[in-house]
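*Asks:*
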Amino acid sequence: MERLKKMEAGEYTTLTRVLFGLDAPTPVSQDEAEVEFLDQTLNDSQRDAVRFALASREVALIHGPPGTGKTYTLIELILQLVRRGLRILVCGPSNISVDNIVERLAPHKLPIIRLGHPARLLPSVLNHSLDVLTQTSEAAGIVKDVRKEMDAKQASIKKTRNGRERKAIYNDMKDLRKEYREREKQCVTTLVSGSKVVLATLHGAGGFQLRNEQFDVVIIDEASQALEAQCWIPLLTAKKVVLAGDHLQLPPTVKSLDHSLNPKPQKDNDKDEPKGGGGSLEVTLFDRLLTLHGPGIKRMLTTQYRMHEKIMRFPSDEMYDSHLLAAPAVATRLLTTLPYEVQATDDTTEPLVFYDTQGGDFPEAIPPSPSPPPSAAGTKPLKASSLLLNDSKSNPSEALLVRRHVGRLVEAGVRAADVAVVTPYAAQLAHLARDLGLRERFPGLELGSVDGFQGREKEAVVRRRLNVAMTRPKRHLCVVGDGETVGKGSGFLARWVGHLEAEADLRYPDLADLQAL
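Just so you know, we're using the UniProt record's numbering here: the sequence shown kicks off at 1 and counts up by one.
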């Protein structure tokens, strides 16, 4: 950020000017060059995204909704760029996002190198890590020889008591250490410069290993979960960038909500000042570029391979302009078609179930009043988690309903490890885990919150977090809640409830039946 702040307008690259909104991206020709695809299984939208990214001069966005094969698309793009003799830097906001690409690239036998501490990498990618390669490559041989000589000199010091001899050995050691550092640096430089594809986290791209390296294209995966400041680390000297992600899923986790720290937007008449500034840290580079340059810089993947068509329909219509299509292999699959035996029941044969608890029989628990701040010396303050629970909500009756439904699925043969229970409230999560003992009752069950969502009631926040929850299931989605109350939350939630009432297997549970369990 400091380098960017001090940079004069005359130092901006063509890409930097486009990213700042000072120039428009170069238009991409409609008759883009034909591509000989290596992966023949790619669908039309994936092929279109690869063609577009190859033809774009400065920036391309690949919008990959859940289950649409974004990583497969990126692998094809990387292979096509390498075939064109280009050098690529692939980044992501987390180690796992980068390692996933390394795993998919490895079978193609490309000269790739993964930067990062070995302890933080997946075991399956260690053979491609810089640390391992510096120990096993041909260039590492000379470094090892110098290391052995240093160790031998160190051992000889203990064998002599002559001051002059010890001083001579120390001088030799000093020279050897210098040579060792230079040889090691040369080994790293040889390995990195000889690699066509370098992979690192966004922060890792700022390391000394890449200080003098040049790349033709920077690809940032999971760009919608990365802070824009992170993205600028590999972008300062880049010629072209491809951002891949889904701006309609979760944004980056931002703990500071002090919007006064954000810069004011620049006026459009400031000729050489960046445009599209301001806003929250949650506004990613992906978001900002889409707003700045419009949908012409984006291609969307439209065939999804995760969800049953009934589960997919509402998020597709509401969030993705009805563009999503369920691949034939997943469009009608149910819990009964899992690769192990599951009995056909009223639950396992339904892809979409809605338990509407409206009517007052499922009251929310009243949260306890927060304890007053400590006044006497030695009094322990409340933990942050306790404060969050005091502000949160729970519904013990609905929790019983969840427990019963999970129990029915497991009794029918569904493995608990294939089931997840998600709630937006920390108090409800605590009740399910602590009071009902769901994890102990159903070992392997995933129990969690939607990004620790704490009832922030803005519709955009509700939409994005609910979009995450409703696009996770493959074969079965069960929703529990008071339809009347939820429908009053926002227009989006009202449409969601309307969709459930029209399309789901609608059930009105009886509290008396639950309490008898």
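Just so you know, even glycine gets a beta-carbon here, dropped at the ideal spot from N, CA and C.
Less than 8 Å between C-beta atoms, sequence neighbours within five positions excluded: which residues of the same chain meet that for residue 522?
*Replies:* What is shown of the chain runs 1 to 517, which leaves residue 522 out entirely.
*Asks:* State the Cα-Cα distance for the pair isoleucine 220 and alanine 427, rounded to the nearest angstrom.
*Replies:* Reading the sequence shown from its first residue, position 220 is the one you call residue 220. Reading the sequence shown from its first residue, position 427 is the one you call residue 427. If you take the alpha carbons of isoleucine 220 and alanine 427, they lie about 36 Å apart.
*Asks:* Figure out for me which residue from Leu227, Ala416 and Thr284 has the closest Cα to the Cα of valine 342.
*Replies:* Your numbering for residue 342 matches position 342 in the sequence shown. It is Ala416 whose Cα lies nearest to the Cα of valine 342.
*Asks:* So the candidates are Gly245, Pro27, Phe492 and Pro443; which of them puts its Cα closest to the Cα of isoleucine 297?
*Replies:* Along the sequence shown, one-based indexing puts residue 297 at 297. Checking every option, the nearest Cα to that of isoleucine 297 belongs to Pro27.
*Asks:* Which first and last residues belong to the alpha helix (DSSP H) in which threonine 291 is found?
*Replies:* Counting from one through the sequence shown, the residue named residue 291 turns up at place 291. That run of the alpha helix (DSSP H) goes 285-293.
*Asks:* Mark lysine 5 as exposed unless 16 or more other C-beta atoms lie within 10 angstroms of its C-beta, in which case mark it buried.
*Replies:* The count along the sequence shown starts at 1 and reaches residue 5 at position 5. Flag for lysine 5 reads exposed.
*Asks:* Quick one, which of Leu15, Glu11, Asp216 and Val330 has its alpha-carbon nearest leucine 86's?
*Replies:* If you number the sequence shown from 1, residue 86 lands on position 86. Answer by Cα proximity: Asp216.
*Asks:* Have a look at valine 198 and proline 107 and give me their C-alpha separation to the nearest angstrom.
*Replies:* What you label residue 198 is simply residue 198 of the sequence shown in a count that begins at 1. What you label residue 107 is simply residue 107 of the sequence shown in a count that begins at 1. Between valine 198 and proline 107, the C-alpha separation is close to 16 Å.
*Asks:* Identify the residues that DSSP records as bridge partners of leucine 61: which are they?
*Replies:* Position 61 of the sequence shown holds residue 61. In DSSP, leucine 61 forms a bridge with Leu243 and Lys298.
*Asks:* To the nearest angstrom, how far is the alpha carbon of lysine 496 from that of methionine 319?
*Replies:* Reading the sequence shown from its first residue, position 496 is the one you call residue 496. Reading the sequence shown from its first residue, position 319 is the one you call residue 319. For the sequence presented, residue 496 should be read as tryptophan rather than lysine. Rounded to whole angstroms, tryptophan 496 to methionine 319 spans 12 Å at the Cα level.
*Asks:* Going by DSSP in three states, glutamate 8 sits in which element: helix, strand or coil?
*Replies:* As a working mapping, residue 8 is identified with position 8 in the sequence shown. In this structure, glutamate 8 counts as coil in the three-state DSSP scheme.
*Asks:* Compute the distance between the beta-carbons of proline 65 and leucine 285, then report whether it is under 8 Å.
*Replies:* As a position in the sequence shown, residue 65 is number 65, starting the count at 1. As a position in the sequence shown, residue 285 is number 285, starting the count at 1. Not a contact, by the Cβ cut-off of 8 Å.
*Asks:* With 16 as the cutoff for other CB atoms within 10 Å, does phenylalanine 453 come out buried or exposed?
*Replies:* Here residue 453 is taken as the residue at index 453 of the sequence shown, counted from 1. At phenylalanine 453, the pLDDT of 37 sits below 50, so the modelled position is not reliable and the matter cannot be decided from this model.
*Asks:* Where does leucine 38 sit, in a helix, a strand or coil, going by DSSP?
*Replies:* Indexing the sequence shown from 1 puts residue 38 at position 38. DSSP, read as helix, strand or coil, puts leucine 38 in coil.
*Asks:* Looking only at its own chain, which residues have a Cβ that is under 6 Å from the Cβ of leucine 19, when we skip the five neighbours before and after it?
*Replies:* In the sequence shown, the residue the question calls residue 19 occupies position 19. Same-chain partners within the cutoff: there are none.
*Asks:* Quick check: what's the CA-CA separation for leucine 191 versus phenylalanine 314?
*Replies:* As a working mapping, residue 191 is identified with position 191 in the sequence shown. As a working mapping, residue 314 is identified with position 314 in the sequence shown. Looking at the two C-alpha atoms, the distance is approximately 49 Å.
*Asks:* For serine 316, which residues of its own chain have a beta-carbon under 6 Å away from its beta-carbon, when the five flanking residues on both sides are left out?
*Replies:* Looking up residue 316 in the sequence shown gives position 316. Cβ neighbours of serine 316 beyond the five flanking positions: Ser322 and Leu324.
*Asks:* For aspartate 505, which three-state DSSP category applies?
*Replies:* Against the sequence shown, residue 505 aligns to sequence position 505. Strand, per DSSP.
*Asks:* Just curious, the beta strand (DSSP E) that threonine 201 is in, first and last residue?
*Replies:* Within the sequence shown, the letter at position 201 stands for residue 201. Counting along the chain, the beta strand (DSSP E) containing threonine 201 begins and ends at 197-201.
*Asks:* Using three-state DSSP, classify serine 124 as helix, strand or coil.
*Replies:* Counting from one through the sequence shown, the residue named residue 124 turns up at place 124. The answer is helix: DSSP assigns serine 124 an H, G or I state.
*Asks:* Pairs of beta-carbons, one from the region 461-470 and one from the region 243-253, closer than 8 Å: are there three or more?
*Replies:* At 8 Å Cβ cutoff, the stretches touch.
*Asks:* Excluding the 5 residues flanking arginine 472 on each side, which residues of the same chain have their C-beta closer than 7 Å to its C-beta?
*Replies:* Taking the first residue of the sequence shown as 1, we reach residue 472 at position 472. Ala420.
*Asks:* How far does the beta strand (DSSP E) with serine 397 in it reach, from first residue to last?
*Replies:* For this step, residue 397 is matched to residue 397 along the sequence shown. Segment 396-411 is the alpha helix (DSSP H) holding serine 397; no beta strand (DSSP E) there.
*Asks:* Closer than 7 Å by C-beta to glutamine 80: which residues in its own chain qualify, once you throw out the five before and the five after it? Chain order, please.
*Replies:* Along the sequence shown, one-based indexing puts residue 80 at 80. Closer than 7 Å at the Cβ level, and outside the excluded window around glutamine 80, lie Val35, Val50 and Leu54.
*Asks:* Under 8 Å between the Cβ atoms of alanine 229 and methionine 1?
*Replies:* By 1-based counting over the sequence shown, the position of residue 229 is 229. By 1-based counting over the sequence shown, the position of residue 1 is 1. Closer than 8 Å, so yes.
*Asks:* With distances taken between CB atoms, is the gap from valine 479 to leucine 500 smaller than 8 Å?
*Replies:* Taking the sequence shown and counting its residues from 1, the one referred to as residue 479 is at position 479. Taking the sequence shown and counting its residues from 1, the one referred to as residue 500 is at position 500. It is a contact, given that the beta carbons lie within the stated cut-off.
*Asks:* What are the start and end residues of the beta strand (DSSP E) that includes tyrosine 355?
*Replies:* Numbered from its first residue, the sequence shown carries residue 355 at position 355. Here the beta strand (DSSP E) through tyrosine 355 covers 352-356.
*Asks:* Going by DSSP, which residues form a beta bridge with valine 218?
*Replies:* For the purposes of this step, residue 218 is identified with residue 218 of the sequence shown, where counting begins at 1. In the DSSP output, where bridge partners are listed per residue, valine 218 has Leu89 and Val241.
*Asks:* From this set, Gln209, Leu38, Val59 and Leu42, which residue's C-alpha is nearest threonine 14's C-alpha?
*Replies:* In the sequence shown, counting from the first residue as 1, residue 14 sits at position 14. That would be Val59, whose Cα lies nearest to the Cα of threonine 14.
*Asks:* Say whether chain B places a C-beta atom closer than 8 Å to the C-beta of alanine 9.
*Replies:* Absent here is chain B; the protein component of the structure consists of one chain.
*Asks:* Pick from His476, Glu398 and Lys167: whose alpha carbon is nearest that of aspartate 418?
*Replies:* Here residue 418 is taken as the residue at index 418 of the sequence shown, counted from 1. Considering only alpha carbons, the answer is His476.
*Asks:* What is the residue span of the alpha helix (DSSP H) that serine 45 lies within?
*Replies:* Within the sequence shown, residue 45 is the residue found at index 45, counting from 1. It spans 44-55 - the alpha helix (DSSP H) in which serine 45 sits, taken as one unbroken run.
*Asks:* By the 10 Å Cβ neighbour count, where 16 or more other Cβ atoms means buried, how is serine 371 classified, buried or exposed?
*Replies:* As a working mapping, residue 371 is identified with position 371 in the sequence shown. Here serine 371 scores only 46 on pLDDT, less than 50, and its place in the model is too uncertain to base an answer on.
*Asks:* Following the continuous beta strand (DSSP E) through serine 449, name the residue where it begins and the one where it ends.
*Replies:* Walking along the sequence shown from the start, residue 449 turns up at place 449. That run of the beta strand (DSSP E) goes 446-449.
*Asks:* To which residues of the same chain is leucine 445 closer than 8 Å at the C-beta, ignoring the five residues directly before and after it?
*Replies:* By 1-based counting over the sequence shown, the position of residue 445 is 445. Excluding residues up to 5 positions away in sequence, Val406, Ala416, Ala417, Val419, Ala420, Val421, Leu438 and Arg439 lie with their Cβ nearer than 8 Å to the Cβ of leucine 445 in the same chain.
*Asks:* So, with DSSP's three-state summary, where would you put alanine 420?
*Replies:* As a position in the sequence shown, residue 420 is number 420, starting the count at 1. Judged by DSSP in its simplified three-state form, alanine 420 adopts strand.
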